[in-house]
Amino acid sequence: MKKTARRNAHLNQSKDMVRLAVAALEEKKGEDIKIIDIEKVSVIADYFVIASASNINQLQALVDNVEEVLYKAGYPCRQKEGNSGSTWVLMDYSDVIIHVFSKEDRLFYDLERIWRDGKVLESVDELGEEGKTETPSSGSDQE
77 MKKTARRNAH LNQSKDMVRL AVAALEEKKG EDIKIIDIEK VSVIADYFVI ASASNINQLQ
137 ALVDNVEEVL YKAGYPCRQK EGNSGSTWVL MDYSDVIIHV FSKEDRLFYD LERIWRDGKV
197 LESVDELGEE GKTETPSSGS DQE
């Protein structure tokens, strides 16, 4: 497989993860969801997905739902920082890094400002059609 074909397949997989993560966050009413395309400005990942929660319980529900949806789609979390009492949880899916914050911590750490050289996407529609899959709901009992 040529290098560009491998890279395109890789980016399609990253876009698929982003779509699934955003759908999982929206399902649990995550707030102010942003996607930052950092592929051209960093080697650590292709995308950041950032969301806010109103309280600790919602934050944990968001994290649990993202983990469940991505795991069922074949994307296990490689590393997770933060625990059930944390006000910022980072989930590392290698090429996609998901940050779920309390509103206060999100304002304080301001990742959007730190990564301003990346391209902020307001919705998954800005990802393009490549890598588009059905976004399964974690709320169903279907496997």
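Using the working numbering, you'd call the opening residue of the sequence shown number 77 and step up by one each time.
From the three backbone atoms N, C-alpha and C, an ideal C-beta is built for every residue, glycine too.
Contact fails between the region 177-188 and the region 93-101, because fewer than three Cβ pairs, one in each stretch, are under 8 Å apart.
LYS195 and ILE114 have their C-alpha atoms spaced approximately 7 Å apart. Residue pairing of PHE177 in beta bridges, as defined by DSSP: SER128, TRP164. Your pair ALA121 and ILE173 checks out as a contact, with CB atoms roughly 5 Å apart and the cut at 8 Å.
Between the alpha carbons of ASP140 and LEU183 lies a gap of roughly 23 Å.
When beta bridges are read from the DSSP output, GLU202 appears opposite no residue. Where ILE112 is concerned, the enclosing beta strand (DSSP E) starts and stops at 107-113. With a 10 Å radius around the Cβ and a threshold of 16 neighbouring Cβ atoms, VAL165 comes out buried.
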